[in-house]
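**Q** For the sequence shown, position 102 (counting from the first letter as 1) is numbered 326 according to our numbering, and the numbering increases by one without interruption.
Sharing a structure here in structure tokens format.
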Amino acid sequence: MSDHHISRRKFLKAGTCGLAAVPMAGLVWSSNAQAQERLKEDDPSAQALHYVHNAADADHADYQQGQTCLNCDLYTDPNAQDWGPCAVFPGKVVAAGGWCSAYVPRS
Ligand code: SF4
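Rendered as structure tokens:
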């Protein structure tokens, strides 16, 4: 067998493994997507705490400029820069730039 055949074989084998990995990646992605459903502003639990996606839109006496979910102690993954988990809204993610009346300054 020539080197050409060996490298072609390796290429085809790698390609087959790659194709097999695509559906698996899809499963992982979809399960993460389900676990990270975005909290909607019109969700009753969000409305109860005056949650807004954009803190600047907060219309609540407790809101102070500069407060956002990203610097709230209840935002449990400070590395999540766009949307992240919040202890108050389990199973959903909130906007990093959002705000609600349960805000607690990060210590
Ligand atoms: S508790 Fe904090 S992180 Fe959660 S929605 Fe309210 S302000 Fe954002």
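All residues carry an ideal CB built from backbone N, CA and C; glycine is no exception.
Just so it is clear, the structure is predicted and the values come from calculations on it, not from any experiment.
Secondary structure at A319, three-state DSSP: helix, strand or coil?
**A** Here A319 sits in strand by DSSP.
**Q** Quick check on C324: does DSSP put it in helix, strand or coil?
**A** C324 falls in the coil class under three-state DSSP.
**Q** Return the residue from the list N303, L263, N295 that minimises the CA-CA distance to Y327.
**A** Answer by Cα proximity: N295.
**Q** Taking 7 Å as the cut-off, does the CB of A326 come closer than this to any heavy atom belonging to the ligand SF4?
**A** Correct: A326 has its Cβ closer than 7 Å to the ligand SF4.
**Q** If I'm right that H274 touches C324 with Cβ under 8 Å, what's the distance once you round it to whole angstroms?
**A** Contact flag correct, Cβ pair sits at about 6 Å.
**Q** With 16 other CB atoms within 10 Å as the buried threshold, where does G315 fall?
**A** That one is exposed.
**Q** Verify whether the separation of the beta carbon atoms of Q271 and W307 is less than 8 Å.
**A** Not in contact: Q271 and W307 (Cβ atoms no closer than 8 Å).
**Q** How big is the Cα-Cα spacing for V312 and L298?
**A** When rounded, the distance between both Cα atoms is 7 Å.
**Q** Any heavy atom of the ligand SF4 closer than 7 Å to the CB of V287?
**A** For clarity, residue 287 is Tyr in the given sequence; the question names Val instead. Because no heavy atom of the ligand SF4 lies under 7 Å away, the Cβ of Y287 does not count as near it: no.
**Q** Quick check: G322 and H277, are their CB atoms within less than 8 Å of each other?
**A** Their beta carbons are under 8 Å apart, which means G322 touches H277 by this criterion.
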